[in-house]
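Single-structure report; data block below.
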Amino acid sequence: MLGGLAMDATMPVVETTELLEELDKGIDDMENSRITPHEDTMKLLMQRYDDYVSQNP
Numbered sequence: 001m002l003g004g005l006a007m008d009a010t011m012p013v014v015e016t017t018e019l020l021e022e023l024d025k026g027i028d029d030m031e032n033s034r035i036t037p038h039e040d041t042m043k044l045l046m047q048r049y050d051d052y053v054s055q056n057p
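If you use the UniProt record's numbering, the sequence shown corresponds to residues 1 to 57, in order.
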């Protein structure tokens, strides 16, 4: 399913629902496997992002 959603208007509701549930589970699995960055790292990244945005309007 890495190639994207193979969904069109002619699919039955059950098939569409199953596909969306599979996608939702995949997203949950990805979120659960992420390592949470340290708070200071996030602050530094946000500061760098703010600096970049202010210099590149």
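For every residue, glycine included, the Cβ atom is placed at its ideal position computed from N, Cα and C.
Here the structure is a predicted model, which is why all the values come from computation and not from measurement.
query: Nearest-angstrom Cα distance between residue 46 and residue 25?; result: 29 Å
query: From the DSSP output, in three-state form, read off residue 32 for me.; result: helix
query: Which class does residue 41 belong to by DSSP, given the choice of helix, strand or coil?; result: helix
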